[in-house]
Amino acid sequence: MAYWLMKSEPDVFGIDDLAKRPGKTTHWDGVRNFQARNFMRDGMRRGDLAFFYHSSCDEPGIAGIVKIVKEGYPDRTAFDKDDPHFDADSDPEKPRWYMVDVKLERKFRRTITLATLREHEQRALKGLALLKRGNRLSITPVGAAHWKFILDLAE
DNA sequence: GCCAACGTTGGC
DNA sequence: GCCAACGTTGGC
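Every letter in the first sequence is one number past the one before it in my numbering, and letter 97, counting from 1, is 97.
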């Protein structure tokens, strides 16, 4: 089983929005980056766990954990002219963009802030993709050791 | 609002 | 294939 980190802007869709969804489940749509797409389409497997990261907000950080409950399948918002993520180059016969379904597994009592994560970036969290300089990828892998360490921070 | 860093596009 | 221009991300 693999571990991941998925970013979302809480102003658009935060962990509390996910909690309100039927079955606490949603489609992770709108990803328009090839590397992130590949992670969803080729890397993520049913049962994998991912940190739910809040970005572009007052308190950036990890808010909880989601589980991958459906593996990569075409992101239909790319075919919808009225959708902000519409992409004319994505052919329904040969979809360019993919999404997965995630289910809320756990919300942390408090967010593990980016500032807290940074305190450990030289040691325990060395190499964590999220902390790499200039990182903008909305989906990144998390190593098992890093995962465990961050989980401990949540206790 | 600013700006650094990055991915993508398109001219050549 | 190179690279400048552009748009976007995301922390501060």
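Virtual Cβ for every residue (Gly too), placed ideally from N, Cα, C. The structure presented is a predicted model; accordingly, all values stated were derived computationally and were not measured.
query                                                                                                                                : result
For a test of the three-state rule: what should DSSP assign to F86, helix, strand or coil?                                           : coil
Confirm, please, whether the CB-CB distance from K103 to K7 is below 8 Å.                                                            : no
In the structure shown, what three-state DSSP assignment does G127 receive?                                                          : coil
Whole angstroms are fine: how far does the CA of R41 sit from the CA of E71?                                                         : 7 Å
Between the C-alpha atoms of L151 and G143, what's the straight-line distance to the nearest angstrom?                               : 12 Å
Run through DSSP, which three-state label would A36 get?                                                                             : helix
Would you tell me roughly how many angstroms separate the C-alpha atoms of T116 and P92, rounded to the nearest one?                 : 43 Å
Nearest CA to the CA of Y73: which residue from D89, W147, V31 and H120?                                                             : V31
When you compare only the Cα positions, how much space is there between Y53 and R109?                                                : 14 Å
Spatial neighbours of R96 within its chain, please: C-beta separation below 7 Å, excluding the five flanking residues on both sides. : A78, D87, D89 and S90
So, with DSSP's three-state summary, where would you put P74?                                                                        : strand
Could you check what DSSP says for A63 in three-state terms: helix, strand or coil?                                                  : strand
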